[in-house]
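Q:
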Amino acid sequence: MTGLRRRRLGVSGPEVSIIGLGAMGMSDLYGPADEAESVATLHAAIDAGVNLIDTGDFYGSGHNEMLIGRVLRERRREDVVVSVKFGARRTPDGGFQAAPYDVSAAAVKDRLAYSLRRLGTDYIDIYRPSRLNPQVPVEETVGALREMQEAGYIRHIGLSEVSADTIRRAAAVAPISDLQIEYSLLSRGPEATILPALRELGIGLTAYGVLSRGLLSGHWSADRALTGGDFRANSPRFQGEHLTANLRLVDALGRVAQRLGATTSQVAIAWVAAQGEQIVPLVGARRRERLTESLAAIDLVLDREALDEIERAVPAGAASGERYATAMMANLDSEK
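With UniProt numbering, letter number 45 in the sequence shown gets 45, and the count goes up by one each step, no holes.
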């Protein structure tokens with residue numbers, strides 16, 4: 001599948017595969033992962049034509065970058081577009097320090113230095129703050145990113161989970177390739193003001209959580225036990241009555257998928273990709289079998305009838321429960 005279709009991330013961003021791979025779960029937050037299988041999945045994705053790999057320097061406290069670095073050593077560097085987030089801070093026991101996020105000008109350069117070393121590369125394709133710090137003007141952060149871009153250490157500047165107003169302020173300082181934000185059938189928030197602003201400014205969108213952290217995969221069950229270290233154990237959408245209500249929506253989507261001759265997850269991914277040519281869904285496959293299933297979504301064409309049927313199955317605003325716990329929601333500029 002080396003002929004995977006490409007999309008450009010905004011007017012200033014790189015050309016990337018129509019679907020990208022989010023590597024977080026290979027190191028963190030979704031319970032134990034098989035490292036050998038993770039490496040094999042990364043290679044399989046690149047072999048299939050996926051060139052966009054997304055990570056964060058805080059995923060596994062650097063482990064995720066080192067994992068990707070192992071793969072980069074065995075590939076042609078120019079064949080992979082690496083997107084890195086920075087700013088979240090960890091503790092030695094694997095926890096996260098409370099906000100605010102470390103996105104000052106000094107932090108940009110310091111965190112970048114460590115990422116370059118862990119990845120084993122002399123540049124990062126897209127570098128972005130993971131969240132906004134209200135105490136640090138976004139102009140300061142983006143200004144430092146532009147300095148690093150001009151010095152050749154990063155190729156493109158991205159944003160993550162910020163509002164339309166913040167996007168405009170950032171874009172006035174430097175060209176922005178894309179905004180990374182949760183966007184799925186269960187998370188439609190960006191449609192109100194953020195997507196229109198991105199279209200107006202010529203900025204792309206890389207959508208994470210397209211399967212709502214497994215809810216929309218068609219593989220989730222109400223009695224599934226969550227292991228230690230899996231943040232979904234504290235996610236409202238996976239709790240009690242919220243989970244019951246959300247699984248009813250997934251069942252309805254599954255019936256649409258059956259009619260289309262696809263899996264539930266394939267329909268969910270294809271729906272995101274169908275929302276605009278500037279949108280690239282990221283899938284968090286940790287195993288080759290899940291990657292194969294996800295990539296097949298690319299060939300699923302959703303006509304108007306199918307899109308209307310999907311909308312009836314999972315209407316906008318139908319999700320039960322917030323996408324993050326209350327304290328985390330309070331730190332999201334994109335929700336303000």
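For each residue, glycine too, the CB sits at the ideal point set by N, CA and C. Here the structure is a predicted model, which is why all the values come from computation and not from measurement.
If you check the beta carbons only, do tryptophan 271 and isoleucine 310 fall under 7 Å apart?
A: What you label residue 271 is simply residue 271 of the sequence shown in a count that begins at 1. What you label residue 310 is simply residue 310 of the sequence shown in a count that begins at 1. For tryptophan 271 and isoleucine 310, yes; Cβs fall inside 7 Å.
Q: With contact counted as at least three CB pairs below 8 Å, one residue from each stretch, are the stretch 65 to 78 and the stretch 99 to 107 in contact?
A: Cβ pair count under 8 Å is below three, so no.
Q: For phenylalanine 86, which three-state DSSP category applies?
A: Mapped onto the sequence shown, residue 86 falls at position 86. Looking at phenylalanine 86 - three-state DSSP - the assignment turns out to be strand.
Q: Going residue by residue through the stretch 193 to 228, where are the continuous alpha helix (DSSP H) segments of at least 4 residues, counting only ones entirely within it?
A: You should have 194 to 201.
Q: Thinking C-alpha only, which one of Ile19, Pro32, Arg5 is nearest arginine 286?
A: Counting from 1 along the sequence shown, the entry for residue 286 is found at position 286. Answer by Cα proximity: Pro32.
Q: Just curious, the beta strand (DSSP E) that aspartate 178 is in, first and last residue?
A: One-based indexing of the sequence shown puts residue 178 at position 178. Unbroken beta strand (DSSP E) run through aspartate 178: 178 to 182.
Q: Among Val136, Tyr153, Gly87, which residue has its Cα nearest to the Cα of arginine 117?
A: Along the sequence shown, one-based indexing puts residue 117 at 117. It is Tyr153 whose Cα lies nearest to the Cα of arginine 117.
Q: Alpha carbon to alpha carbon, how far is alanine 44 from arginine 288?
A: Start at 1 with the first residue of the sequence shown, and residue 44 comes out as number 44. Start at 1 with the first residue of the sequence shown, and residue 288 comes out as number 288. Looking at the two C-alpha atoms, the distance is approximately 7 Å.
Q: Does the Cβ of lysine 336 have 16 or more other Cβ atoms within 10 Å, making it buried, or fewer, making it exposed?
A: To locate residue 336, count along the sequence shown from 1; it is residue 336. The residue in question, lysine 336, is exposed, as its Cβ has fewer than 16 Cβ neighbours within 10 Å.
Q: Alpha carbon to alpha carbon, how far is threonine 193 from alanine 164?
A: Sequence index remark: in the sequence shown, residue 193 carries index 193 (1-based). Sequence index remark: in the sequence shown, residue 164 carries index 164 (1-based). Computed Cα separation, rounded: 6 Å.
Q: Sort Ile19, Ala330, Leu112 by Cα distance to alanine 274 and report the nearest one.
A: As a first step, residue 274 is located in the sequence shown; it is residue number 274 there, counting from the start. Closest option to alanine 274, Cα to Cα, is Ile19.
Q: If you check the beta carbons only, do serine 115 and valine 142 fall under 7 Å apart?
A: In the sequence shown, the residue the question calls residue 115 occupies position 115. In the sequence shown, the residue the question calls residue 142 occupies position 142. Not in contact: serine 115 and valine 142 (Cβ atoms no closer than 7 Å).
Q: Bridge partners for residue 367 per DSSP, in chain order?
A: The requested residue 367 is not part of the displayed model; the chain covers only 1 to 336.
Q: Spatial neighbours of isoleucine 167 within its chain, please: C-beta separation below 8 Å, excluding the five flanking residues on both sides.
A: Locating residue 167 in the sequence shown gives position 167, where the first residue counts as 1. Hits under 8 Å: Leu159, Ile176, Leu179, Ile194, Ala197, Leu198, Leu201, Ile203.
Q: Select from Ala257, Val283, Arg146 the residue whose C-alpha is nearest the C-alpha of alanine 172.
A: In the sequence shown, the residue the question calls residue 172 occupies position 172. Checked all of Ala257, Val283, Arg146; the closest Cα to alanine 172 is Arg146.
Q: Give the C-beta separation of alanine 207 and proline 281 to the nearest angstrom, bearing in mind that I take them to be a contact with Cβ-Cβ under 8 Å.
A: Against the sequence shown, residue 207 aligns to sequence position 207. Against the sequence shown, residue 281 aligns to sequence position 281. Contact flag correct, Cβ pair sits at about 5 Å.
Q: Under 8 Å Cβ to Cβ from arginine 155, same chain only, skipping five residues before and after it: list those, please.
A: Looking up residue 155 in the sequence shown gives position 155. Around arginine 155: Pro14, Tyr123, Ile124, Asp125, Ile126, Gln149.
Q: When you compare each of Leu247, Ala325, Val256, Met24 to residue 385 by their alpha carbons, which one comes out closest?
A: Examination of residue 385 is not possible in this model, given that the chain is present from 1 through 336 alone.
Q: Please confirm whether leucine 112 and valine 71 have their CB atoms less than 7 Å apart.
A: Locating residue 112 in the sequence shown gives position 112, where the first residue counts as 1. Locating residue 71 in the sequence shown gives position 71, where the first residue counts as 1. It is not a contact, given that the beta carbons lie outside the stated cut-off.
Q: Would you call the CB atoms of glutamate 182 and leucine 332 closer than 7 Å?
A: Counting from 1 along the sequence shown, the entry for residue 182 is found at position 182. Counting from 1 along the sequence shown, the entry for residue 332 is found at position 332. No, the pair does not count as a contact, with Cβ atoms beyond the cut-off.
Q: Count the other CB atoms within 10 Å of the CB of residue 361; is the residue buried (16 or more) or exposed (fewer)?
A: Nothing about residue 361 can be read from this structure; the chain reaches only from 1 to 336.
Q: Use the C-beta contact count for glycine 25: other C-beta atoms within 10 angstroms, 16 or more gives buried, fewer gives exposed.
A: By one-based count along the sequence shown, residue 25 stands at place 25. Buried.
Q: My guess is that serine 184 and leucine 211 are in contact by the Cβ rule of under 8 Å, so how many angstroms apart are they, rounded?
A: Taking the first residue of the sequence shown as 1, we reach residue 184 at position 184. Taking the first residue of the sequence shown as 1, we reach residue 211 at position 211. Rounded, the Cβ-Cβ distance is 7 Å, consistent with contact.
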